[in-house]
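Mature numbering (1 follows the signal peptide of the UniProt record, and there is no 0) puts the sequence shown at residues -17 to -1, 1 to 298. Just so it is clear, CB atoms sit at the ideal spot from N, CA and C, and this is done for glycine as well. Because the structure is a prediction, the values reported are computed rather than measured.
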Amino acid sequence: SFNKLILVFAFVLISNAEDIEFFKAKLEGTTLIADERDGYITVDMDTLHPWGGQKSDPSFTVLPQRIKTTSDLAFDVRPNFQTYQDVCIFRYFYYLNSIYDFWGTISLAYYNISLIPSDLHFLNCHPRQVNITYESGEQYDLSLEPVCDQDVSSFPVLRGAVDTSCYGTTETPGAACKTTCTDGSQLTAFGKDLLYQSFIGFFFNEDYLKRALIAFGPILGRREGNDYYEVFYGWETTNSRVSYLSFVRGNNGHISFKSESSTPFKNIQDAYIVYGTRQDLSEQDPNPKDASGSIVVLLSVVATVLILPVFALFC
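So this is what it looks like as structure tokens:
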């Protein structure tokens, strides 16, 4: 069944609470291939410190020091995605559930670049077929057409993220995945080698949240009792009280820096992480700052901002 298939990509926790397993998957053309018999990539998250943090640190962030205000975030502006609700639910939830914000934050934390992630790249380069082989040898095939009707968070993103200025905004939803930018130049996708894992119905307590932030960087999550997702990127301590830092969307549609006290701590009910090598790719930044310190963004490729408040992800 489809639900059984999704469970293949759900998070796996081994008997040792520090070990997390990442499922192996690959793309052959437009088909996502996964074979449980190939095993998993096992990571002891308490041995990972890509951003140099420790649980005992009074403050920690995975963001570059240059990020001070929302004007430093290229992905603060987002399209009027409400229009996608009745025509392409994949694109609609890409924005509603902050997958767009997640990939923008991943790009900052892992690569030190300001990315405006293209939803059309995410959509059109999504797998169109899934082939799963279970431990028993049983195989399961699933068509993901039409792609606009698919759950944006159910499968790994193996083609990374591409800036909107490269991919453009005029491609037909569901068209073939482009291999060059709109101007004919080489297309650069960031994060193709990142592994993805989901934690559905698993409660991150405060200790686990800290450890996951230190090991994996940005976390897309939904706090228990909330109906919206936020992107967690660190914590701070004021007067001996720890607060967790995240990006959320305000009523005006723009990003807000949120700092929420850990007293009481609200568990993270659903969460998504990535894992891979951190690299400084700032020389490839598609939206570098100009001399005034402002991000240079081709506003022509960004549609009108939706004035609206902000399910699940997938990379």
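Run through DSSP, which three-state label would residue i get?
i	result
S244	strand
V70	coil
W34	coil
L141	coil
R206	strand
L79	helix
Q262	coil
D134	coil
D268	coil
R224	strand
C298	With a pLDDT of 36 at C298, under the threshold of 50, the modelled position of that residue is not reliable, and the figure given next carries that caveat. Looking at C298 - three-state DSSP - the assignment turns out to be coil, as it is neither helix nor strand.
residue 319	Only positions -17 to 298 of the chain appear in this structure, which leaves residue 319 out of reach.
For residue i and residue j, what's the separation of their Cα atoms in angstroms?
i	j	result
A57	Q122	43 Å
S244	W218	9 Å
S54	L103	24 Å
T221	S81	28 Å
F(-7)	P110	With a pLDDT of only 45 at F(-7), under 50, the local geometry of the prediction cannot be trusted, and the value read off the model is given with reservation. Their Cα atoms are separated by approximately 20 Å.
G22	L10	17 Å
S242	E19	40 Å
S181	I3	11 Å
P62	E118	43 Å
V293	N250	Interpretation of V293 is limited by its pLDDT of 31, a score under 50 that renders its predicted location unreliable; the figure taken from the coordinates is listed afterwards. One C-alpha to the other measures close to 20 Å.
R74	I99	15 Å
Y179	N209	23 Å
Assign residue i to buried or exposed, taking buried as 16 or more other Cβ atoms, counted over all protein chains shown, within 10 Å of its Cβ.
i	result
Y93	buried
K193	buried
S148	buried
I24	exposed
residue 319	Within the shown structure, residues of the chain are numbered from -17 to 298, placing residue 319 beyond reach of any answer.
G236	buried
V257	buried
D124	exposed
P201	buried
On the DSSP letters alone, give me the boundaries of the beta strand (DSSP E) that residue i sits inside.
i	result
F64	Careful: F64 lies outside any beta strand (DSSP E) and carries neither H nor E.
F5	2 to 6
If you check the beta carbons only, do residue i and residue j fall under 7 Å apart?
i	j	result
P269	D146	yes
S223	N95	no
L15	V130	no
F105	G143	no
Can you tell me where the alpha helix (DSSP H) with residue i in it begins and where it stops?
i	result
L196	189 to 199
Y123	No alpha helix (DSSP H) holds Y123; the beta strand (DSSP E) holding it covers 122 to 126.
residue 313	Nothing can be reported for residue 313, as the shown portion of the chain is limited to -17 through 298.
T53	Element bounds for T53: n/a, residue is neither H nor E.
Y150	147 to 150
Using a Cβ cut-off of 7 Å (strictly closer), state whether residue i contacts chain D.
i	result
L79	Absent from the structure is chain D; it holds one protein chain and no more.
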